[in-house]
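As numbered in mature numbering (1 follows the signal peptide of the UniProt record, and there is no 0), residues -20 to -1, 1 to 410 make up the sequence shown, in order.
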Amino acid sequence: MPSLSSWVQLALAPAAAAQAFNLYEHLGNLSPYFTPANTPASLLSGIPESCSVDRAFLVHRHGSRQPISSELPTIQNLSYYLNNNTALFKNPKGQLPSEFSFLTSGWSSSFTLNNLSAPGRQQLFDHGVALRLDYPSLYTDTVLAGDQDRVVESAQWFMDGYYGRYVEDVAVLNKIAEDNLTISWITSTDTCKTWEYSSGNDLVSEWGKVYLPRVAARMNQALSSAYPGANFTAQHAHGALWACAYGTAVYGVGRSPWCGVFKPSEILDFEYELDLLMRGAFGYGLPNNQGPVLGSLLVSNVTTFLQGPAGHNLSLNFAHDTTIDLGLTALGLASDESYPADGPPNPSRNWRTSTQVPFAAQMLFKRLTCSGNETRIQLELNGANFDLAPVGCTSDYYGTCKLADFVATKNVQTAMNITDGDATWTSACS
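Encoded structure:
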């Protein structure tokens, strides 16, 4: 019969397991979709008992995909190094750490560019089914997508799940161009003349100089007995981190051998790189107040829809991680006083790309009708409640605010009064 201490250990085991580090929830905007804790974690889940959802606006990121053109070369450089040294890696001279054992069989990059992956297709189909089941009283027969292949395909898979096999008979997919001539809240950066990706990418380079050399040094040390001639550079280490993230995005969780190579602290440093990138290029790190200005178009569209009684009570929109991050910025959510590019990462920071915009991220704004003829607004981000109090309204235990109070906040009023090309826009983008 188990002892009392054994029973205690068994009882504590699930809690300990729940606390275990899950690297797949720390791959930044390359994380597979997951539902995080509420923000803050003290919020209650769901909606207040006296309320029901009567209107909703969904901003959905595309699903998991292949690397984009700026990312693939780093992975390919790692692949070239391994394949140019096959004799070395196939014949270890000493004890090879188990996490590197796959190197004896060789490894090559088989990634392509841009396209939605099988996990990405599944994410979107499943989300379409889930939304239909979770909100049966909400409906629309029109869907909007940014006209980029992976976004359009994501919308199509979602629609298959939401509408079913006769989707073409019951719903219409509208596309909006993603170019520098078309005003679009989905890709507002395209019509901002002075917006630059380097606002984030320069921070990535600075942080990379801090953390990547020590990752490479540890890898070389771990392999020194088996492969005395191995010389993984900082760029090789970077490629291996990308290979972990994209091996997961393309082939599924647990299917990239590279993920097992890294220590939790190294994954967290990689996560911070992606946080710096997204915050710098699509958030609070942009110059001239560009972040709130560019995100204002999303806030304006959401607010107008939730206030209006006309038409369908559901708006379905397919976009990018950048769209969601800019919207959060315009609302004043997930902000931090400082975000140093040279580290160290603040473990309590608010801007968290992994929880904000994993692949297939869902930003769902809900209008609630509550007892006492009260109307409230709630933000559900990736299935978790996100407190709206930082916008400037008073929130309850579920993170909801009175809709009228939300609309009256400075952040929302400012957003509602910005249009592409007006004086505020021109000041930020010229």
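Every residue, glycine too, gets a C-beta built ideally from N, C-alpha and C. Note that the coordinates shown come from a computational prediction; the quantities given were computed from them, not determined experimentally.
Does V233 come out as helix, strand or coil in the three-state DSSP assignment?
As a first step, residue 233 must be located in the sequence shown, where it is residue number 253. Assigned with DSSP and collapsed to three states, V233 falls in coil, not helix or strand.
State the DSSP-derived secondary structure class of C373, mapped to helix, strand or coil.
Here residue 373 refers to the residue found at position 393 of the sequence shown. In the three-state scheme derived from DSSP, where H, G and I count as helix and E and B as strand, C373 is classed as coil.
Excluding the 5 residues flanking N269 on each side, which residues of the same chain have their C-beta closer than 6 Å to its C-beta?
The count along the sequence shown starts at 1 and reaches residue 269 at position 289. So the list reads A408, once near-sequence residues are dropped.
Would you list the residues sitting across from C350 in a DSSP beta bridge?
Along the sequence shown, one-based indexing puts residue 350 at 370. DSSP, once it has assigned bridges, lists C31, E354 as partnering C350.
Measuring alpha carbon to alpha carbon, tell me which residue in S315, S164, Q102, W137 is nearest D255.
Stepping through the sequence shown from its first residue, residue 255 is reached at position 275. Measuring from the Cα of D255, the nearest candidate turns out to be S315.
Rank P208, I304, D400, S318 by C-alpha distance to the C-alpha of Q75 and give the top, closest one.
If you number the sequence shown from 1, residue 75 lands on position 95. For the options P208, I304, D400, S318, the alpha carbon positioned closest to that of Q75 is the one of P208.
Once DSSP output is grouped into helix, strand and coil, what is the label at V109?
Within the sequence shown, residue 109 is the residue found at index 129, counting from 1. The DSSP-derived three-state label of V109 is helix.
Just to confirm my understanding: we take D305, look at its own chain, exclude 5 residues before and 5 after, and list those with CB closer than 7 Å. What are they?
The residue you call residue 305 lines up with position 325 of the sequence shown. Excluding residues up to 5 positions away in sequence, M258, F262, G263, Q336, V337 lie with their Cβ nearer than 7 Å to the Cβ of D305 in the same chain.
Do the CB positions of L24 and Y252 come within less than 9 Å of each other?
The residue given as residue 24 occupies position 44 in the sequence shown. The residue given as residue 252 occupies position 272 in the sequence shown. Cβ distance not < 9 Å, so L24 and Y252 don't count as in contact.
Label A395 either buried or exposed according to how many other C-beta atoms from any shown protein chain fall within 10 Å of its C-beta, with 16 as the threshold for buried.
Mapped onto the sequence shown, residue 395 falls at position 415. Under this definition A395 is a buried residue.
Output the boundary residues of the beta strand (DSSP E) element that contains S295.
For the purposes of this step, residue 295 is taken as the residue at position 315 of the sequence shown. Its beta strand (DSSP E) spans residues 294 to 299.
Unbroken stretches of the alpha helix (DSSP H), 4 residues or longer, contained in the region 56 to 134:
Counting whole runs of 4 or more residues, the region 56 to 134 contains the alpha helix (DSSP H) stretches 66 to 70, 98 to 114.
On the DSSP bridge list, what partners appear for K155?
One-based indexing of the sequence shown puts residue 155 at position 175. Assignment of beta-bridge partners to K155 by DSSP yields A125.
By Cβ distance, which residues of its chain are closer than 8 Å to A(-4), with the 5 residues on each side in sequence left out?
Residue -4 sits at position 17 when you count from the first residue of the sequence shown. Here A(-4) scores only 45 on pLDDT, less than 50, and its place in the model should not be relied on; the value that follows carries that caveat. Nothing meets the Cβ criterion.
Taking Cβ to Cβ, would you say N160 is nearer than 9 Å to T174?
Taking the first residue of the sequence shown as 1, we reach residue 160 at position 180. Taking the first residue of the sequence shown as 1, we reach residue 174 at position 194. Cβ distance not < 9 Å, so N160 and T174 don't count as in contact.
If you run the structure through DSSP and keep just helix, strand and coil, what is Q336?
The residue you call residue 336 lines up with position 356 of the sequence shown. Note: Q336 maps to helix in three-state DSSP.
Nearest candidate by alpha-carbon position, reference R194, set T228, D249, G363, G379:
Within the sequence shown, the letter at position 214 stands for residue 194. If you compare the alpha carbons of T228, D249, G363, G379 with that of R194, the shortest gap goes to D249.
With distances taken from CA atoms, which of N65, S179, N281, N95 is nearest N211?
On the sequence shown, position 231 is the one that residue 211 refers to. Measuring from the Cα of N211, the nearest candidate turns out to be N65.
Hey, quick one: how far does the beta strand (DSSP E) through F14 stretch, first residue to last?
On the sequence shown, position 34 is the one that residue 14 refers to. Premise fails: F14 is in no beta strand (DSSP E) and is neither H nor E.
Tell me, which residues are paired with R41 by DSSP?
As a position in the sequence shown, residue 41 is number 61, starting the count at 1. Beta-bridge pairing links R41 to A299.
Give the range of the alpha helix (DSSP H) segment to which A364 is assigned.
Within the sequence shown, numbered from 1, the residue matching residue 364 stands at position 384. From DSSP, A364 is part of no alpha helix (DSSP H) but of the beta strand (DSSP E) over 364 to 366.
Is the Cβ-Cβ distance between L274 and T228 less than 9 Å?
The count along the sequence shown starts at 1 and reaches residue 274 at position 294. The count along the sequence shown starts at 1 and reaches residue 228 at position 248. Taking C-beta atoms as the reference points, L274 and T228 fail to come closer than 9 Å.
Roughly how many whole angstroms lie between the Cα atoms of residue 420 and N94?
The chain is shown from -20 up to 410; residue 420 falls before or after that span and cannot be answered.
Where the alpha helix (DSSP H) through L277 begins and ends:
Start at 1 with the first residue of the sequence shown, and residue 277 comes out as number 297. Here the alpha helix (DSSP H) through L277 covers 270 to 287.
Please confirm whether C350 and S30 have their CB atoms less than 9 Å apart.
Position 370 of the sequence shown, counted from the start, is the residue given in the question as residue 350. Position 50 of the sequence shown, counted from the start, is the residue given in the question as residue 30. Yes, the Cβ-Cβ distance between C350 and S30 is below 9 Å.
For L348 versus T389, is the C-beta spacing smaller than 9 Å?
Reading the sequence shown from its first residue, position 368 is the one you call residue 348. Reading the sequence shown from its first residue, position 409 is the one you call residue 389. Contact flag unset, no.
For the alpha helix (DSSP H) that contains N326, what are its first and last residues?
Here the question's residue 326 lines up with position 346 in the sequence shown. From DSSP, N326 is part of no alpha helix (DSSP H); its letter is neither H nor E.
Starting from T394, follow the alpha helix (DSSP H) in both directions and report where the run begins and ends.
Indexing the sequence shown from 1 puts residue 394 at position 414. T394 -> alpha helix (DSSP H) spans 390 to 396.
DSSP-derived helix/strand/coil call for K173
As a first step, residue 173 is located in the sequence shown; it is residue number 193 there, counting from the start. Coil at K173, not helix or strand.
Three-state secondary structure (DSSP) of E360:
Numbered from its first residue, the sequence shown carries residue 360 at position 380. Strand, per DSSP.
Would you check if the region 287 to 302 and the region 122 to 137 touch, i.e. whether three or more CB-CB distances between them fall below 8 Å?
Counting Cβ pairs under 8 Å, three or more are found: they touch.
Buried/exposed call for Q358, threshold 16 Cβ in 10 Å:
Here residue 358 corresponds to residue number 378 of the sequence shown, with the count starting at 1. Here Q358 is buried: its Cβ has 16 or more other Cβ atoms, across all protein chains shown, within 10 Å.
For a test of the three-state rule: what should DSSP assign to A314, helix, strand or coil?
Working through the sequence shown from its first residue, we reach residue 314 at position 334. A314 falls in the coil class under three-state DSSP.
Could you tell me the distance, in whole angstroms, from the CA atom of L7 to the CA atom of V33?
Within the sequence shown, residue 7 is the residue found at index 27, counting from 1. Within the sequence shown, residue 33 is the residue found at index 53, counting from 1. Rounded to the nearest angstrom, the two C-alpha atoms are 32 Å apart.
Cross-strand partners of A36 (DSSP beta bridge)
Counting from 1 along the sequence shown, the entry for residue 36 is found at position 56. DSSP output for A36 lists L294, K346 as bridge partner(s).
Can you confirm whether the region 104 to 122 touches the region 137 to 144 when touching is taken to mean that 3 or more C-beta pairs between the two stretches lie within less than 8 Å?
As far as the Cβ criterion goes, the region 137 to 144 touches the region 104 to 122, which means the pair count is three or higher.
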